[in-house]
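Engineer:
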Amino acid sequence: MSLSRSPSPVPGGGWASPGLTNNLSPSGRSSPTKAYAGSNGTPVMWERQKNMGGAAYQSFSTQNQGFFSRHMRRISSSLPRFKADNTHGAEREKIGQGRWNMPRLGRIRGITGRMSRRTKMLLAFGLLFLLAYIIFYSTPLVYYYRRTSWLGGGQKFVIILAANVGGGVMEWKGAREWAIERDSIRNKKKYVAKWGYDLEIVDMSTKKRYAHEWRESWEKVDFIRSTLRKYPKAEWVWWLDLNTFIMEPSKSLQDHIFDHIEDVTYRDINEYNPLNISHPPADPYLDELSKSPIGDGNPNSIHLMLSQDCSGFNLGSFFMRRSTWTDHLLDVWWDPVAYEQKHMEWEHKEQDALEQLYTAQPWIRKSTAFLPQRMINSFPTGACSEKGNDPRIHYDQKDRDFLVNMAGCEWGRDCWGEMYNFRELSYHLNRSLWERFKEDLLCWIWFKLTGKKVKF
Amino acid sequence: MHFAYPPRKSSNPPPFRPRTSALPTIRGKRLKTIVLTGLAFLTLLWLFQRSGRSRHAPPAYHKPSGNPPVVIVTVFNEGKYGKGYLDMVKENRLKYAEKHAYLPSSPPDAGYGTFFVKSSDYDLHGAPVSWATLPAVRHAMTKFPDASYIWYLDQNAFIMNPLLKIEEHVMKPSRLEELMIKDHPVVPPDSIIKTFSHLKGHDVDFVLTQDKDGLSSSSFVVKNGEWAKFFLETWFDPIYRTYNFQKAEQHALEHIVQWHPTILAKLALVPQRILNSYSKEKGGQEYKEGDLAVRLYACGEAGEDTCETESQRFAQWKAAFQDS
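Chains A and B, in that order, are what the protein sequence lines are.
With the first sequence counted from 1, adding 54 to any position gets you the working numbering.
In terms of the working numbering, the second sequence has 37 at position 39, counting the first letter as 1, and numbering is strictly consecutive.
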């Protein structure tokens, strides 16, 4: 039966397809009934089939009947289908959204059905590439496989963060101290999550165990030992004081230092010798290796890497490798005879003890290497600034130094202010492309247009 | 839209177009395979380039080859003793070393080494002369990098039994395991630090004895290696000298052995008469016939005979070394 004109959009107004009519009646019928019959009063095809149980044919012919007749099936299959249950109000809204589920799949199926094989392959490949990029570079999953030894080796590195310095025992730990600790810890946690290292946060509160005459301030040694025991796969341990901030978290330790140790370290302290230690040791009874200024020159024999600041060794940020040499050093680092004689002189405790050991015992020099200070231990302009800004020591934004150690900020400077500023600077320097686009282009345009500074 | 349908195809199919190039072209499916394989290979390369970067070759410290097997070190205090006496002591060492020079199946040079120094050779920065032991042994390790063991013997001591070989009589791992005094206070009588009970013979790098008062540093053996260098340099730290221990390096040794477990872990105590018999009962175990060496305990001190006199009592070493 042909339609002489396109039927008006009246409920039940002539379309043979049931999905096109609205069921606003509250009578709650959930199954299509004869109410959906077309204007001719005949039920739809499948209804008729159900009723008559026999082969039924379409009631209208589709040949040469006009655009809608010929393409009706395709159009009608992609139009929204109506779900035939009775709901009110908010549920209807939800259903309204839900209405699009099935047809979307159908639309996608329709689109892909019309694509050629080649297009499908390209699309699949592109999606796979995007998925790989997301998995390998941006999700939290990067933590797990950057740890494995064949994809980065992150589990070889453990960062020890000395937190809770003092623990509020001798001095009040107020909001600023808590904020500094929070920022420092958060920064290290993010870094570790990004590169697959381990983080060990140790409690440096004032303990009786480390009081006067009982290894006072020698906690570092004990914590390094216990960390090496706790992380059996760790090869390198990185000690960080609390007042440090990793400014460039996009640099991994492997890229920054460990893939090319021999290029970045120097063993001959004469390159930079603030303590004026005479090197190499000149005792006549020493063997060639001990007398050599660079040890054996083999990067694999370096077991301690540290930096020097303007007044000597700085143990705010240093690396130690798991080895017998390290065991020996951690063992002899503290000695009661040494402590008794020197603790009045040794302001920096274990740091000064290490300087004494380095000076007196040649076996220590064999496995110690130094890093340029700005590589792992840049100072802010307040520290070590008797002679003004020293390009060897002080943080330089242009060079994008890796880590800032706000050493000595408790003595006369503002720890929280420095931490906050370096944190904001780090965020600013490491903005993503989108943020850069917003801030450098859009905000700038807006400023030029309206003279007002905004932040998107 | 002038025509409803595209023009009708002709019944004659178009002729086959000739090749544009002489070389065979890679057709669709093969090209795809090649490109995919290439990409997979590059991915694998990228994945594994990280592991290729780590170099894990541990540094090869020079392992002593055992030539000579033992070096005997003695420090001579020329200021205090006569030349004749010191020459006799030197001869004793040399004869002993010679005795082990020509063994049936060893090469001609496989004798023991000897290393003699004067205590004035080293700058002790004002510390007592007995501290010169340490740089002397360290020096011997430099001079004989291939020696297996260094045996330090005090100047006032004589080697009595030429037949005993250090590497078998003392340092052989199985022998050490039977000789080791286990779970014994390192400083008698009542130090709470005791020697290890489960040390393996090959893990021992330092063998010494105790006398009645404490550890005796007049006769000890160290195994040449990195641990020995660490140990000697630690013991020789100027901080121990400035502390002015009552018995100089002996007390310093007792101190470091009790306070530093990495040193205690390589230490073995053996019965005194194995290495270090005393000439008098009152100091420690007394010398008996067949012992390796005797030390003239407290000779030259107030109320005792001089060392020269004391050494006459043990002059039988000359005869012992005379026979084969």
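We put the beta carbon where it would ideally sit given N, CA and C, even for glycine.
In this text the structure is predicted, and so the values were computed from the model without any measurement.
Would you check if the segment 220 to 238 of chain A and the segment 269 to 276 of chain A touch, i.e. whether three or more CB-CB distances between them fall below 8 Å?
Structural biologist: No, they do not touch.
Engineer: Are the C-beta of Pro416 of chain A and some C-beta of chain B separated by less than 9 Å?
Structural biologist: On the first sequence, position 362 is the one that residue 416 of chain A refers to. Yes - at least one Cβ of chain B is within 9 Å of the one on Pro416 of chain A.
Engineer: Output, in chain order, the set of chain B residues within a Cβ distance shorter than 7 Å of Arg237 of chain A.
Structural biologist: Against the first sequence, residue 237 of chain A aligns to sequence position 183. According to the sequence as given, residue 237 of chain A is Asp; it is not Arg. Correct list: empty, because the minimum Cβ distance to chain B is about 31 Å.
Engineer: Can you give me the Cβ contacts of Gly436 of chain A inside the same chain, cut-off strictly under 6 Å, excluding the 5 residues immediately before and after it?
Structural biologist: To locate residue 436 of chain A, count along the first sequence from 1; it is residue 382. Around Gly436 of chain A: Arg467.
Engineer: So, helix, strand or coil for Lys286 of chain B, using DSSP?
Structural biologist: As a position in the second sequence, residue 286 of chain B is number 288, starting the count at 1. Three-state result, Lys286 of chain B: coil.
Engineer: Do you know how far the Cα of Gly250 of chain A is from the Cα of Phe229 of chain B?
Structural biologist: Residue mapping note: residue 229 of chain B aligns to position 231 of the second sequence, counting from 1. Residue mapping note: residue 250 of chain A aligns to position 196 of the first sequence, counting from 1. Answer to the nearest angstrom: the Cα atoms are 38 Å apart.
Engineer: Please list, in chain order, all residues of the same chain as Pro102 of chain B whose beta carbon is under 6 Å from its beta carbon, the five residues on each side excluded.
Structural biologist: Sequence index remark: in the second sequence, residue 102 of chain B carries index 104 (1-based). With a pLDDT of 47 at Pro102 of chain B, under the threshold of 50, the modelled position of this residue cannot be trusted; read the value that follows with caution. Hits under 6 Å: none found.
Engineer: Cutting at 6 Å between CB atoms, please list the residues of its own chain near Arg490 of chain A, excluding the five before and the five after it.
Structural biologist: Mapped onto the first sequence, residue 490 of chain A falls at position 436. Excluding residues within five positions, none has a Cβ falling inside 6 Å.
Engineer: Given a cut-off of 9 Å on the beta-carbon distance, is the pair Phe74 of chain B and Ser117 of chain B in contact?
Structural biologist: To locate residue 74 of chain B, count along the second sequence from 1; it is residue 76. To locate residue 117 of chain B, count along the second sequence from 1; it is residue 119. Yes; because the gap between Cβ atoms is below 9 Å, this pair is in contact.
Engineer: Does the segment 232 to 250 of chain B come close enough to the segment 144 to 151 of chain B to have 3 or more Cβ pairs within less than 8 Å?
Structural biologist: Contact fails: fewer than three Cβ-Cβ distances are below 8 Å.
Engineer: Whole angstroms are fine: how far does the CA of Asn159 of chain B sit from the CA of His397 of chain A?
Structural biologist: Taking the first sequence and counting its residues from 1, one reaches residue 397 of chain A at position 343. Taking the second sequence and counting its residues from 1, one reaches residue 159 of chain B at position 161. If you take the alpha carbons of His397 of chain A and Asn159 of chain B, they lie about 50 Å apart.
Engineer: If the cut-off is 7 Å on Cβ atoms, which residues from the segment 214 to 237 of chain B count as contacting chain A, listed in chain order?
Structural biologist: Those residues of the segment 214 to 237 of chain B that come within reach of chain A (Cβ to Cβ, closer than 7 Å) are Lys227, Phe228, Glu231, Thr232, Asp235, Pro236 and Ile237.
Engineer: In whole angstroms, what separates the C-alpha of Lys61 of chain B from that of Glu316 of chain A?
Structural biologist: Position 63 of the second sequence, counted from the start, is the residue given in the question as residue 61 of chain B. Position 262 of the first sequence, counted from the start, is the residue given in the question as residue 316 of chain A. Going from the Cα of Lys61 of chain B to the Cα of Glu316 of chain A covers about 24 Å.
Engineer: Tell me which residues share the same chain as Ile191 of chain B and place their Cβ nearer than 6 Å to its Cβ, disregarding the 5 neighbours each side in the sequence.
Structural biologist: By 1-based counting over the second sequence, the position of residue 191 of chain B is 193. Counting only Cβ-Cβ distances below 6 Å, and skipping sequence neighbours, we find Val184 and Gln256.
Engineer: Suppose the cutoff is 8 Å on Cβ atoms and the five residues either side in sequence are ignored; what does the same chain contact list for Tyr83 of chain B look like?
Structural biologist: In the second sequence, the residue the question calls residue 83 of chain B occupies position 85. Once the five neighbours on either side are set aside, the close Cβ partners of Tyr83 of chain B are Cys305, Glu306 and Ser309.
Engineer: Helix, strand or coil for His448 of chain A, going by three-state DSSP, please let me know.
Structural biologist: Position 394 of the first sequence, counting from 1, holds the residue named residue 448 of chain A. If DSSP states are grouped into helix, strand and coil, His448 of chain A belongs with the strands.
Engineer: How long is the line joining the alpha carbons of Gln320 of chain B and Ser214 of chain B, rounded to whole angstroms?
Structural biologist: Residue mapping note: residue 320 of chain B aligns to position 322 of the second sequence, counting from 1. Residue mapping note: residue 214 of chain B aligns to position 216 of the second sequence, counting from 1. Looking at the two C-alpha atoms, the distance is approximately 30 Å.
Engineer: Between Leu251 of chain B and chain A, is there a C-beta pair that is closer than 9 Å?
Structural biologist: Along the second sequence, one-based indexing puts residue 251 of chain B at 253. No, Leu251 of chain B does not count as interfacial toward chain A.
Engineer: Can a CB atom of chain B be found closer than 9 Å to the CB of Trp400 of chain A?
Structural biologist: Your numbering for residue 400 of chain A matches position 346 in the first sequence. With 9 Å as the cut-off, Trp400 of chain A does not count as an interface residue toward chain B.
Engineer: Could you pull out every unbroken alpha helix (DSSP H) segment of at least 4 residues lying fully inside the segment 115 to 183 of chain B, listed in chain order?
Structural biologist: 131 to 141, 164 to 167 and 171 to 177, all fully within the segment 115 to 183 of chain B.
Engineer: Closest Cβ-Cβ distance between Ile261 of chain B and chain A: below 9 Å?
Structural biologist: One-based indexing of the second sequence puts residue 261 of chain B at position 263. Closer than 9 Å to some Cβ of chain A, the Cβ of Ile261 of chain B qualifies, so yes.
Engineer: Consult DSSP for Tyr197 of chain A and reduce its assignment to one of helix, strand or coil.
Structural biologist: One-based indexing of the first sequence puts residue 197 of chain A at position 143. Helix at Tyr197 of chain A.
Engineer: In three-state DSSP terms, what is Val508 of chain A?
Structural biologist: Here the question's residue 508 of chain A lines up with position 454 in the first sequence. Here Val508 of chain A sits in coil by DSSP.
Engineer: In chain B, what lies closer than 9 Å to Gln395 of chain A by C-beta?
Structural biologist: For the purposes of this step, residue 395 of chain A is taken as residue 341 along the first sequence, with counting starting at 1. Those are Ile237, Thr240 and Tyr241, listed as they occur along chain B.
Engineer: Alpha carbon to alpha carbon, what distance is there between Ser216 of chain B and Gly288 of chain B?
Structural biologist: Numbered from its first residue, the second sequence carries residue 288 of chain B at position 290. Numbered from its first residue, the second sequence carries residue 216 of chain B at position 218. One C-alpha to the other measures close to 19 Å.
Engineer: Measure the beta-carbon distance from Ala217 of chain A to Asp257 of chain A and round it to whole angstroms, keeping in mind my assumption that it falls under 8 Å.
Structural biologist: Here residue 217 of chain A corresponds to residue number 163 of the first sequence, with the count starting at 1. Here residue 257 of chain A corresponds to residue number 203 of the first sequence, with the count starting at 1. That pair is a contact at about 7 Å.
Engineer: Are there 16 or more other CB atoms within 10 angstroms of the CB of His357 of chain A, so buried, or fewer, so exposed?
Structural biologist: Walking along the first sequence from the start, residue 357 of chain A turns up at place 303. Classification of His357 of chain A: buried, given that the 10 Å Cβ count is 16 or more.
Engineer: Please report how far the alpha carbon of Phe373 of chain A lies from the alpha carbon of Asp121 of chain B, in whole angstroms.
Structural biologist: Your numbering for residue 373 of chain A matches position 319 in the first sequence. Your numbering for residue 121 of chain B matches position 123 in the second sequence. C-alpha separation (whole angstroms): 35 Å.
Engineer: For the alpha helix (DSSP H) containing Trp379 of chain A, name the first residue and the last one.
Structural biologist: By 1-based counting over the first sequence, the position of residue 379 of chain A is 325. Where Trp379 of chain A is concerned, the enclosing alpha helix (DSSP H) stretches over Thr378 to Val386.
Engineer: Can at least three beta-carbon pairs, one atom from the segment 400 to 408 of chain A and one from the segment 362 to 373 of chain A, be found at a separation below 8 Å?
Structural biologist: Yes, they touch.
Engineer: Whole angstroms is fine: what's the gap from Phe501 of chain A's alpha carbon to Lys492 of chain A's?
Structural biologist: Counting from one through the first sequence, the residue named residue 501 of chain A turns up at place 447. Counting from one through the first sequence, the residue named residue 492 of chain A turns up at place 438. Those two C-alpha atoms are separated by around 12 Å.
Engineer: How is Arg375 of chain A classed by DSSP in three states: helix, strand or coil?
Structural biologist: Mapped onto the first sequence, residue 375 of chain A falls at position 321. In the structure shown, Arg375 of chain A sits in a strand (DSSP, three-state: E or B).
Engineer: Flag this pair as yes or no: are the beta carbons of Trp233 of chain B and Glu247 of chain B separated by less than 9 Å?
Structural biologist: Taking the first residue of the second sequence as position 1, residue 233 of chain B is located at position 235. Taking the first residue of the second sequence as position 1, residue 247 of chain B is located at position 249. Cβ distance < 9 Å, so Trp233 of chain B and Glu247 of chain B count as in contact.
Engineer: Among the residues of its own chain, which have a CB less than 8 Å from the CB of Ile239 of chain A, if the five just before and after it don't count?
Structural biologist: In the first sequence, the residue the question calls residue 239 of chain A occupies position 185. These residues qualify, in order along the chain: Leu215, Ala217 and Ile255.
Engineer: Please classify Tyr147 of chain B as buried or exposed, where buried requires at least 16 neighbouring CB atoms within 10 angstroms.
Structural biologist: In the second sequence, the residue the question calls residue 147 of chain B occupies position 149. Under this definition Tyr147 of chain B is a buried residue.
Engineer: CA-CA distance, Trp379 of chain A and Ser421 of chain A?
Structural biologist: Mapped onto the first sequence, residue 379 of chain A falls at position 325. Mapped onto the first sequence, residue 421 of chain A falls at position 367. Roughly 8 Å between the two C-alpha positions.
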